[in-house]
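A.B. asks:
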Amino acid sequence: MTEIFKGRLAILGMGYIGLPTAAAIATRGIDVIGVDINHATVAALSRGEVPFVEPDLAVAVSGAVAMGRLTATTETPEADAFIIAVPTPFNDDRTADLSYVKAAAEQIAPKLKSGNIVVLESTSPPGTTQKIGDWIGAVRPDLRMPRDGETGADVYIAHCPERVLPGRIMIEMITNDRVIGGLTPRCAEKAASIYRLFAQGEILLTDAASAEMAKLVENAYRDVNIAFANEISLISESLHIDVWEVIRLANRHPRVSILSPGPGVGGHCIPVDPWFIVSAAPTLSRLIRTAREVNDHRPHHVAQQVVEKAKRFRSPTVACLGLTFKANVDDVRESPAIEVVGLIAKALPDVDILVSDPYVSTMPALLAKYENLHLEGAYQAVERADIVVLLVEHEPFKAMRHTRLGGKVIYDTRGAWH
Ligand SMILES: NC(=O)c1ccc[n+]([C@@H]2O[C@H](COP(=O)([O-])OP(=O)(O)OC[C@H]3O[C@@H](n4cnc5c(N)ncnc54)[C@H](O)[C@@H]3O)[C@@H](O)[C@H]2O)c1
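Take any residue in the sequence shown, note its place counting from 1, add 5, and you have its number in my numbering.
Below, the structure written as structure tokens:
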């Protein structure tokens, strides 16, 4: 019979992933305890407030808190199941920094009882779920950890990667298919009992390492395809061919679907996760590494092109439109647009650079040191500029009338005005 989880659930990490998951499960009638080391986050949640912007999340959280189904604390409690949704950034050498995951596992370990479930949701290199078993086992030698081929473990450990799109998290969390990889088949089945509470997509059971690798491969796939588009852009530019026209024509082939080039790849997933594959198999990941390098080089190329264009003027004004890592969101994490603006500001210290983004109201910290940068409304920036650089295709920029751009040097890195 299909098992559905009953009992108390603790989720460690109340960020973009942990909090929506907590809200989705709490509104299905399960008692959820949100655990976070950040006191301000816990205080906000305890008041029913959400510390970041995500459509429909605030309503779900305030409702679950008001009903008493969702509570928040800095102390890991006893529970029947634990979900780990803490950060997995990379180290300076681009290997995965698993210190947050290890800390979470060690917080859970003293609280574990026989029959408990532990699920890792954080994006992680292959073998991390197994490491969680090892870290917990080191603290709790009294509990039998799951081992492939053995039955009779005391705790069930699995990986369930998250693939939601920021801005659509509350929808995709429910509708996306879920991959659940257990350290044993029984672990996967036990973890699935939690996701059956709210997931409407298909639940695909597998082993832990395959689930870990599948998530990384999804993001590497995106990265490699974006790198292909960026390389085509570079080559077309050098041959004085219009890349947008080339891609438009090539995509009329029934089996070709080239993505759009751009100023680089941002956010905290696609530029990070492929490195976890590279560090797991450095000599074998040649294409994945090269794609990362191609995409990482983009901001430098775009900035260099702007500097070249500026040389045609005695005292130019440059308008840079867009700072976020992609269109129509307010997220500036790892944004290539910010990198481009910083590189231009550094290369052209005597040039006024007007920066505009409808989603950003204060100059991002990384750019604050440049005195030649000024935040400006888009229309004013374009009006005053000799050179207009489009970095993010926000809707208001796309809708800008072409007459406003007349007589300016336009560098449209997203093809929005093509
Ligand atoms: N945000 C996304 O769109 C997205 C999508 C897919 C996968 N992921 C992955 O999900 C994981 C979490 O990402 P996020 O965006 O939610 O991160 P986040 O930074 O928004 O949230 C993480 C939270 O964990 C807390 N934390 C850190 N250590 C802790 C500990 N030991 N105990 C309790 N809380 C702790 C932090 O204070 C923070 O509030 C990462 O591995 C990320 O790669 C994120």
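Ideal Cβ placement from N, Cα and C applies to all residues, glycine included.
Quick one: is residue 155 buried, meaning 16 or more other Cβ sit within 10 Å of its Cβ, or exposed?
C.D. replies: For the purposes of this step, residue 155 is taken as residue 150 along the sequence shown, with counting starting at 1. It is exposed - the Cβ of residue 155 has fewer than 16 other Cβ atoms within 10 Å.
A.B. asks: Tell whether a beta-carbon distance below 8 Å holds between residue 349 and residue 343.
C.D. replies: Sequence index remark: in the sequence shown, residue 349 carries index 344 (1-based). Sequence index remark: in the sequence shown, residue 343 carries index 338 (1-based). Contact: no.
A.B. asks: What residue from 312, 333, 339 and 297 has the CA that sits closest to residue 430's CA?
C.D. replies: Residue 430 lies beyond the residue range present for the chain, which begins at 6 and ends at 423; the question has no answer from this structure.
A.B. asks: Figure out for me which residue from 15, 125, 188 and 74 has the closest Cα to the Cα of residue 33.
C.D. replies: Indexing the sequence shown from 1 puts residue 33 at position 28. Cα-wise, what sits closest to residue 33 is 74.
A.B. asks: Using three-state DSSP, classify residue 101 as helix, strand or coil.
C.D. replies: Here residue 101 is taken as the residue at index 96 of the sequence shown, counted from 1. Strand at residue 101.
A.B. asks: Can you give the Cα-Cα distance for residue 127 and residue 353, rounded to whole angstroms?
C.D. replies: Locating residue 127 in the sequence shown gives position 122, where the first residue counts as 1. Locating residue 353 in the sequence shown gives position 348, where the first residue counts as 1. The straight-line gap from Cα to Cα measures roughly 41 Å.
A.B. asks: On the CB-based measure, 16 or more other CB atoms within 10 Å of its CB, does residue 384 come out buried or exposed?
C.D. replies: Here residue 384 refers to the residue found at position 379 when the sequence shown is read from its first residue. Answer is exposed; the Cβ neighbour count stays below 16.
A.B. asks: Mapping DSSP to helix, strand and coil, what is residue 360?
C.D. replies: Here residue 360 corresponds to residue number 355 of the sequence shown, with the count starting at 1. Residue state, collapsed to three classes: strand.
A.B. asks: Less than 7 Å separating the Cβ of residue 21 from some heavy atom of ligand 1?
C.D. replies: Walking along the sequence shown from the start, residue 21 turns up at place 16. Within the cutoff, so yes.
A.B. asks: If you reduce the DSSP assignment to three classes, tell me which class residue 379 lands in.
C.D. replies: Translated into positions along the sequence shown, residue 379 becomes position 374. In the structure shown, residue 379 sits in a strand (DSSP, three-state: E or B).
A.B. asks: DSSP state of residue 164, grouped into three classes?
C.D. replies: Along the sequence shown, one-based indexing puts residue 164 at 159. Strand at residue 164.
A.B. asks: With respect to 7 Å, is the separation between the Cβ of residue 41 and the closest non-hydrogen atom of ligand 1 below this value?
C.D. replies: Looking up residue 41 in the sequence shown gives position 36. Yes, Cβ of residue 41 sits closer than 7 Å to a heavy atom of ligand 1.
A.B. asks: Would the beta-carbon of residue 326 fall within 8 Å of that of residue 366?
C.D. replies: To locate residue 326, count along the sequence shown from 1; it is residue 321. To locate residue 366, count along the sequence shown from 1; it is residue 361. Going by C-beta atoms, residue 326 is not nearer than 8 Å to residue 366.
A.B. asks: Give me the residue from 11, 37 and 388 with the minimum Cα distance to residue 321.
C.D. replies: Walking along the sequence shown from the start, residue 321 turns up at place 316. It is 388 whose Cα lies nearest to the Cα of residue 321.
A.B. asks: From the DSSP output, which residues share a beta bridge with residue 71?
C.D. replies: Taking the sequence shown and counting its residues from 1, the one referred to as residue 71 is at position 66. Looking at the DSSP assignment, residue 71 forms no beta bridge with any residue, so it has no partner.
A.B. asks: Three-state secondary structure (DSSP) at residue 57?
C.D. replies: Here the question's residue 57 lines up with position 52 in the sequence shown. Residue state, collapsed to three classes: coil.
A.B. asks: By the three-class DSSP mapping on this structure, what secondary structure does residue 192 have?
C.D. replies: The residue given as residue 192 occupies position 187 in the sequence shown. Helix at residue 192.
A.B. asks: Applying the 10 Å Cβ sphere with the 16-neighbour rule, what's the burial state of residue 282?
C.D. replies: Counting from 1 along the sequence shown, the entry for residue 282 is found at position 277. Per the 10 Å Cβ criterion, buried.
A.B. asks: When the distance is taken between beta carbons, is residue 17 closer than 8 Å to residue 84?
C.D. replies: In the sequence shown, counting from the first residue as 1, residue 84 sits at position 79. In the sequence shown, counting from the first residue as 1, residue 17 sits at position 12. No; because the gap between Cβ atoms is not below 8 Å, this pair is not in contact.
A.B. asks: Among the residues of its own chain, which have a CB less than 8 Å from the CB of residue 2, if the five just before and after it don't count?
C.D. replies: It is not possible to answer for residue 2, since the shown part of the chain is limited to 6 through 423.
A.B. asks: Rounded to whole angstroms, what's the CA-CA distance from residue 390 to residue 346? Just pull it up for me.
C.D. replies: By one-based count along the sequence shown, residue 390 stands at place 385. By one-based count along the sequence shown, residue 346 stands at place 341. If I take the Cα positions, the gap works out to 15 Å.
A.B. asks: How would you label residue 243, buried or exposed, when you count the other beta carbons within 10 angstroms and need 16 or more for buried?
C.D. replies: Locating residue 243 in the sequence shown gives position 238, counting from the first residue. Per the 10 Å Cβ criterion, exposed.
A.B. asks: Taking the CB atoms as reference points, tell me whether residue 265 and residue 168 lie closer together than 8 Å.
C.D. replies: Position 260 of the sequence shown, counting from 1, holds the residue named residue 265. Position 163 of the sequence shown, counting from 1, holds the residue named residue 168. Contact flag unset, no.
A.B. asks: Quick one, which of 276, 311 and 310 has its alpha-carbon nearest residue 295's?
C.D. replies: If you number the sequence shown from 1, residue 295 lands on position 290. Per the Cα distances, 276.
A.B. asks: Verify the contact flag: residue 108, CB atom, against every heavy atom of ligand 1, threshold strictly below 7 Å.
C.D. replies: Mapped onto the sequence shown, residue 108 falls at position 103. Residue 108 Cβ: within cutoff of ligand 1.
A.B. asks: Please state whether DSSP places residue 426 in a helix, a strand or coil.
C.D. replies: A query on residue 426 cannot be resolved here, the shown segment of the chain reaching from 6 to 423 and no further.
A.B. asks: Three-state secondary structure (DSSP) at residue 200?
C.D. replies: In the sequence shown, residue 200 corresponds to position 195, counting from 1. It is helical.
A.B. asks: Run through the DSSP bridge pairs and tell me what residue 183 is partnered with.
C.D. replies: Within the sequence shown, the letter at position 178 stands for residue 183. Beta-bridge pairing links residue 183 to 208.
A.B. asks: Leaving out five residues on either side along the sequence, give the residues of the same chain with a beta carbon under 7 Å from the beta carbon of residue 401.
C.D. replies: Walking along the sequence shown from the start, residue 401 turns up at place 396. Counting only Cβ-Cβ distances below 7 Å, and skipping sequence neighbours, we find 363 and 383.
A.B. asks: Going by DSSP, name the residue or residues bridged to residue 247.
C.D. replies: Residue numbering aside, residue 247 sits at position 242 when the sequence shown is read from its first letter. Looking at the DSSP assignment, residue 247 forms no beta bridge with any residue, so it has no partner.
A.B. asks: Taking DSSP as the reference, what is the three-state secondary structure of residue 384?
C.D. replies: For the purposes of this step, residue 384 is identified with residue 379 of the sequence shown, where counting begins at 1. In this structure, residue 384 counts as helix in the three-state DSSP scheme.
A.B. asks: Answer with buried or exposed for residue 271, where buried requires no fewer than 16 other C-beta atoms within 10 angstroms of its C-beta.
C.D. replies: For the purposes of this step, residue 271 is taken as the residue at position 266 of the sequence shown. Buried, since its Cβ has 16 or more Cβ neighbours within 10 Å.
A.B. asks: For the segment 94-109 against the segment 190-198, do three or more pairs of beta-carbon atoms, one drawn from each stretch, fall closer than 8 Å, so that the two count as touching?
C.D. replies: No, the segment 94-109 is not in contact with the segment 190-198.
A.B. asks: Taking 7 Å as the cut-off, is the beta-carbon of residue 112 closer than that to any non-hydrogen atom of ligand 1?
C.D. replies: To locate residue 112, count along the sequence shown from 1; it is residue 107. Yes; taking the cut-off as 7 Å, the Cβ of residue 112 has a heavy atom of ligand 1 nearer than that.
A.B. asks: Report yes if the C-beta distance between residue 180 and residue 142 is below 8 Å; otherwise report no.
C.D. replies: As a working note, residue 180 is residue 175 in the sequence shown. As a working note, residue 142 is residue 137 in the sequence shown. Contact flag unset, no.
A.B. asks: To which residues of the same chain is residue 314 closer than 6 Å at the C-beta, ignoring the five residues directly before and after it?
C.D. replies: Taking the sequence shown and counting its residues from 1, one reaches residue 314 at position 309. Here the set comprises 392 and 414.
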